[in-house]
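There are 2 protein chains.
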Amino acid sequence: MDQNDEHISSMRQLPTIILREQWASMPVEDRVQAFMELPRADADAFLLSLNASDQSELIFALPEVERRIWVRILPPDDLADVLQTVDAHDRMQLLSSLDSPTRKEVTALLAYGEDEAGGLMNPRFARVRPDMLVDEALEYVRRQAHQVETTRYVYVLDARQVLLGVVSLRHLFVSSGRTLVKDVMKTSILTASETMSQEEIKNLFTQSALNALPIIDQDGVMKGIVTVDDIVDVVEEEATEDIQRLGGSQALEAPYLKIGLFEMIQKRAGWLVVLFLGEMLTASAMHQYEDEIARAVVLALFIPLIISSGGNSGSQASTLVVRAIALGEVRLRDWWRVFSRELVVGTALGLILGLIGLLRVAYWPSAESTFGEAYFMVGMTVGISLLGIVLWGSLCGSMLPFVLKRLKLDPATASAPFVATLVDVSGLVLYFSVARMLLTGTLL
Amino acid sequence: MDQNDEHISSMRQLPTIILREQWASMPVEDRVQAFMELPRADADAFLLSLNASDQSELIFALPEVERRIWVRILPPDDLADVLQTVDAHDRMQLLSSLDSPTRKEVTALLAYGEDEAGGLMNPRFARVRPDMLVDEALEYVRRQAHQVETTRYVYVLDARQVLLGVVSLRHLFVSSGRTLVKDVMKTSILTASETMSQEEIKNLFTQSALNALPIIDQDGVMKGIVTVDDIVDVVEEEATEDIQRLGGSQALEAPYLKIGLFEMIQKRAGWLVVLFLGEMLTASAMHQYEDEIARAVVLALFIPLIISSGGNSGSQASTLVVRAIALGEVRLRDWWRVFSRELVVGTALGLILGLIGLLRVAYWPSAESTFGEAYFMVGMTVGISLLGIVLWGSLCGSMLPFVLKRLKLDPATASAPFVATLVDVSGLVLYFSVARMLLTGTLL
Numbered sequence: 000m001d002q003n004d005e006h007i008s009s010m011r012q013l014p015t016i017i018l019r020e021q022w023a024s025m026p027v028e029d030r031v032q033a034f035m036e037l038p039r040a041d042a043d044a045f046l047l048s049l050n051a052s053d054q055s056e057l058i059f060a061l062p063e064v065e066r067r068i069w070v071r072i073l074p075p076d077d078l079a080d081v082l083q084t085v086d087a088h089d090r091m092q093l094l095s096s097l098d099s100p101t102r103k104e105v106t107a108l109l110a111y112g113e114d115e116a117g118g119l120m121n122p123r124f125a126r127v128r129p130d131m132l133v134d135e136a137l138e139y140v141r142r143q144a145h146q147v148e149t150t151r152y153v154y155v156l157d158a159r160q161v162l163l164g165v166v167s168l169r170h171l172f173v174s175s176g177r178t179l180v181k182d183v184m185k186t187s188i189l190t191a192s193e194t195m196s197q198e199e200i201k202n203l204f205t206q207s208a209l210n211a212l213p214i215i216d217q218d219g220v221m222k223g224i225v226t227v228d229d230i231v232d233v234v235e236e237e238a239t240e241d242i243q244r245l246g247g248s249q250a251l252e253a254p255y256l257k258i259g260l261f262e263m264i265q266k267r268a269g270w271l272v273v274l275f276l277g278e279m280l281t282a283s284a285m286h287q288y289e290d291e292i293a294r295a296v297v298l299a300l301f302i303p304l305i306i307s308s309g310g311n312s313g314s315q316a317s318t319l320v321v322r323a324i325a326l327g328e329v330r331l332r333d334w335w336r337v338f339s340r341e342l343v344v345g346t347a348l349g350l351i352l353g354l355i356g357l358l359r360v361a362y363w364p365s366a367e368s369t370f371g372e373a374y375f376m377v378g379m380t381v382g383i384s385l386l387g388i389v390l391w392g393s394l395c396g397s398m399l400p401f402v403l404k405r406l407k408l409d410p411a412t413a414s415a416p417f418v419a420t421l422v423d424v425s426g427l428v429l430y431f432s433v434a435r436m437l438l439t440g441t442l443l
Numbered sequence: 000m001d002q003n004d005e006h007i008s009s010m011r012q013l014p015t016i017i018l019r020e021q022w023a024s025m026p027v028e029d030r031v032q033a034f035m036e037l038p039r040a041d042a043d044a045f046l047l048s049l050n051a052s053d054q055s056e057l058i059f060a061l062p063e064v065e066r067r068i069w070v071r072i073l074p075p076d077d078l079a080d081v082l083q084t085v086d087a088h089d090r091m092q093l094l095s096s097l098d099s100p101t102r103k104e105v106t107a108l109l110a111y112g113e114d115e116a117g118g119l120m121n122p123r124f125a126r127v128r129p130d131m132l133v134d135e136a137l138e139y140v141r142r143q144a145h146q147v148e149t150t151r152y153v154y155v156l157d158a159r160q161v162l163l164g165v166v167s168l169r170h171l172f173v174s175s176g177r178t179l180v181k182d183v184m185k186t187s188i189l190t191a192s193e194t195m196s197q198e199e200i201k202n203l204f205t206q207s208a209l210n211a212l213p214i215i216d217q218d219g220v221m222k223g224i225v226t227v228d229d230i231v232d233v234v235e236e237e238a239t240e241d242i243q244r245l246g247g248s249q250a251l252e253a254p255y256l257k258i259g260l261f262e263m264i265q266k267r268a269g270w271l272v273v274l275f276l277g278e279m280l281t282a283s284a285m286h287q288y289e290d291e292i293a294r295a296v297v298l299a300l301f302i303p304l305i306i307s308s309g310g311n312s313g314s315q316a317s318t319l320v321v322r323a324i325a326l327g328e329v330r331l332r333d334w335w336r337v338f339s340r341e342l343v344v345g346t347a348l349g350l351i352l353g354l355i356g357l358l359r360v361a362y363w364p365s366a367e368s369t370f371g372e373a374y375f376m377v378g379m380t381v382g383i384s385l386l387g388i389v390l391w392g393s394l395c396g397s398m399l400p401f402v403l404k405r406l407k408l409d410p411a412t413a414s415a416p417f418v419a420t421l422v423d424v425s426g427l428v429l430y431f432s433v434a435r436m437l438l439t440g441t442l443l
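From first to last, the protein sequence lines are chains A and B.
For the record, in the first sequence the residue sitting at position 261 is 260 according to numbering that gives the first Met the number 0, with numbers rising by one throughout.
For the record, in the second sequence the residue sitting at position 304 is 303 according to numbering that gives the first Met the number 0, with numbers rising by one throughout.
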């Protein structure tokens, strides 16, 4: 038992994981030293586990001799990502320290956009010929094993490197050694093109339950593979961009604590100003009702309550719909189903808030002294306005993402705060219209 | 060339992918028929690619004889997920159609919570003994290959099933066949316990760049593995929950179009009511300033503009910080660095909006007739209040997630709308305090 406990605790305290936890808050010099002190095997794994900007920071902080050793650990797709984070001078220097075939691979990858399939793919994959025997193929894969990303899938290519089929290592393993590869390979293969966006690639993965996807060019020539572990990062990245846009700013392109202050202000000021200009319409709308406010100041008391309730229900609905669209649960043609659901849900939510609002105003202990003689009709005005504004917020909030999507814009783009602004302005008009109807003759 | 083009287009039009696209909008009967028409190999892959609730819907719509065949395709962890979506009667029925060892595995998995590591793991993994020769181990793995999830990592267990080490299939492959497994295995292994949350497991994966993680119990006995493709779903699921909470509702537990209307109303009404009760404080706050509004109705015009600007800047800041915390970019002890950044950013954003506000009021073409004689001082009041409220919103928005995290609550829980409500109330107090200072003697 003692021996086991020791065994477990030693496994839990892996030096790489501890270092990984402290990494973000360590100064660069300490990072270099801590990295150099790791046992060689751990250092390899540790370097591979860092993201591209941390990898590049570490590599360029290392003494030059060390740097040459460590860049060779990185597969070509990671190297290309690292090179994309540095300036032209450092890029040339790093490229010159690579061996010639790797340099060629990396340079080819640099031509792809960062969020294209080509930018995610690894050009090193296990390949065999269709007319090999299974035993020959296994031996051939065994020789490639140290330099390819995965041997889980073995790709069958002709002499021009055109993809003909795929066979899993497991299937090669359990097949008779004397059969031909072309008789055990699968020929109906899901492939992706090198120019697909990383979001499309991500969707292919989530729809197919595959662990790797071959990337081919327009002639069917296989260029590389994308593996599911690269997709974890893509999913996390896309979700972050959506969340930041939903929160009403442009997507930051670096971690919160690393992005420059000026860039941060730029990314955030843009949308805040747009929303502010939109909100200015509320002042114009209010100007139309100045007389009503002058005659019944009590109406002004509930303005923040009314407009924020519309804003909250609107951003709730738009957030749910934006996410459902991003996950592919809801498509453009489903707008009518969403509309009918929101009609029911919005009415129910509006009734709940409207009722609470009515009770709050009309049945408050000192209602008459606080809200004046017409307190009950003021309560009705607040309650009916709330019902309307919550329903209206839910409908606008759920439909705006469809409109943005239809216009080929990203539905996450400031949907929630944009809806809030739209609903604020129309909410004021609704509130004062209800007030005119119910209160003319008493307060107005 | 012609031949190639045909080859590519046939690959692109895989029947499973087309069916996957149409699946969500097909009635259940059509789904069953389309599924039964797939070639057998495609049907296997297709079933595996569905999520648990779609799998369960399809399986229970199949004729009973078919059902028995198809449940055997699913690995035990998927079966356990399917069983968690159905009622007790269906669960018993499905369990009874499994063979006895599988039933035992599945029943054991059902004991874990849905978001525990145990609920993600597959109990079937490749295992060998430490005193086997590499050649024996390869042969042994070959015999297990058809029933384990991955042969990429081979786990070395003692007779009591305690995990001693791990060796990759690739490494076994390139090692000499006459060495002992214990001489080529790696003994410093990252492991996880069966009760860890799926979020902790996800973080281990993103920090370690591994493709599979062994799960052990407190005695070091290996219970199963979690593979990185399961983590893609976890990442997507956790991001969805965070996004829904940021949008001010409880996380929905089913896709938007599938969740029951009553449940949807329940999940959304809770937070809306809490926020509404909070917003009621705005009416109480306004009540304190009724005299000011009565004397200077012009002040009421800018209430929506002021409070929504505070709300927008607050929800922007809280969204960015919540996401940075979720990604591990920012830790609890970094609160001071975030505070100082927001002090600068909030001031800059406040100056921008304040200046626009001042210009809008004081330099509007018909400023005097619209806003009265004291229009310049009204403009100053609006501008200074905006500076204050935007700075205050950024600070509250960025600090609240830390407070929630410190209280061991989820920072995503309604952070953004909660901040908006908090800032609305304090924004009103700020606005009228500035107005009293600047306008007493002229308008007030």
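Note that CB positions come from ideal geometry on N, CA and C, so glycine has one too.
Please read these numbers as outputs of a predicted model, since none were measured by experiment.
C-alpha gap between residue i and residue j, whole angstroms
{"i": "A:L132", "j": "A:D114", "result": "39 Å"}
{"i": "B:D333", "j": "A:Q160", "result": "51 Å"}
{"i": "A:P400", "j": "B:S312", "result": "22 Å"}
{"i": "A:V337", "j": "A:I324", "result": "11 Å"}
{"i": "B:E5", "j": "B:D76", "result": "Because the pLDDT at B:E5 is just 37, under 50, the model does not fix this residue reliably, and the value given afterwards should be weighed accordingly. Taking the straight line from one Cα to the other gives about 38 Å."}
{"i": "A:M379", "j": "A:G387", "result": "12 Å"}
{"i": "A:E328", "j": "B:Q243", "result": "15 Å"}
{"i": "B:M195", "j": "B:G117", "result": "8 Å"}
{"i": "B:I7", "j": "A:G219", "result": "Residue confidence for B:I7 is low, a pLDDT of 39 falling below 50, so the modelled location carries little weight and cannot support an answer."}
{"i": "A:V350", "j": "B:F261", "result": "Note that residue 350 of chain A is Leu in the sequence shown, not Val. Rounded to the nearest angstrom, the two C-alpha atoms are 14 Å apart."}
{"i": "A:A191", "j": "A:V225", "result": "9 Å"}
{"i": "A:L251", "j": "A:G259", "result": "10 Å"}
{"i": "B:Q12", "j": "A:R322", "result": "With a pLDDT of only 46 at B:Q12, under 50, the local geometry of the prediction cannot be trusted, and the value read off the model is given with reservation. Going by the C-alpha atoms only, they are around 27 Å apart."}
{"i": "A:N210", "j": "A:L168", "result": "13 Å"}
{"i": "B:R66", "j": "B:M263", "result": "32 Å"}
For residue i, the three-state DSSP class (helix, strand or coil)
{"i": "A:P100", "result": "helix"}
{"i": "B:I17", "result": "helix"}
{"i": "B:N311", "result": "helix"}
{"i": "A:R126", "result": "strand"}
{"i": "B:K185", "result": "strand"}
{"i": "A:V329", "result": "coil"}
{"i": "B:E193", "result": "coil"}
{"i": "A:R397", "result": "Per the sequence shown, residue 397 of chain A should be read as Ser rather than Arg. In the structure shown, A:S397 sits in a helix (DSSP, three-state: H, G or I)."}
{"i": "A:D1", "result": "Residue confidence for A:D1 is low, a pLDDT of 37 falling below 50, so the modelled location carries little weight; the figure read from the coordinates is stated next. Residue state, collapsed to three classes: helix."}
{"i": "B:S175", "result": "coil"}
Beta carbon of residue i nearer than 7 Å to that of residue j
{"i": "A:R102", "j": "A:L93", "result": "no"}
{"i": "B:V140", "j": "B:T150", "result": "yes"}
{"i": "A:Y154", "j": "A:R123", "result": "no"}
{"i": "B:R306", "j": "A:P364", "result": "Rather than Arg, the amino acid found at residue 306 of chain B in this sequence is Ile. No, the pair does not count as a contact, with Cβ atoms beyond the cut-off."}
{"i": "B:L47", "j": "A:A208", "result": "yes"}
{"i": "A:T15", "j": "A:F34", "result": "no"}
{"i": "A:G356", "j": "A:L394", "result": "no"}
{"i": "B:V233", "j": "A:V231", "result": "no"}
Within chain A, the residues that residue i reaches when beta carbons sit closer than 7 Å
{"i": "B:I351", "result": "A268 and V272"}
{"i": "B:V343", "result": "L260"}
Amino acids of chain B, ordered along the chain, whose beta-carbon sits closer than 7 Å to that of residue i
{"i": "A:T101", "result": "Those within 7 Å of A:T101 in chain B number zero; the least Cβ separation is about 20 Å."}
Amino acids of chain A, ordered along the chain, whose beta-carbon sits closer than 8 Å to that of residue i
{"i": "B:V231", "result": "F204, T205, V227, I230, V231 and V234"}
Contact with chain E by residue i, beta-carbon distance below 7 Å
{"i": "B:G247", "result": "In the displayed structure, chain E is absent; the protein chains listed are A and B."}
Residue i CB to nearest heavy atom of the ligand ADP below 6 Å
{"i": "B:F261", "result": "Only the bare structure without any ligand can be found here, which leaves the ligand ADP out of the picture."}
Contacts that residue i makes with chain A (C-beta to C-beta distance below 9 Å)
{"i": "B:S425", "result": "What B:S425 touches in chain A: nothing, since even the nearest Cβ is about 12 Å away."}
Which residues, taken in chain order from the stretch 142-161 of chain B, show a beta carbon closer than 7 Å to some beta carbon of chain A? So the close ones are A144, H145, T150, R151 and V161.
What residues in the stretch 289-306 of chain B bring their beta carbon closer than 7 Å to a beta carbon of chain A? If the cut-off is 7 Å between Cβ atoms, the stretch 289-306 of chain B has E289, I292, A293, V296, A299, L300, F301, I302, P303, L304 and I306 near chain A.
Anything in the stretch 273-285 of chain A with a Cβ closer than 7 Å to a Cβ of chain B? List those residues in chain order, please. So the close ones are L274, F275, E278, M279, T281, A282 and M285.
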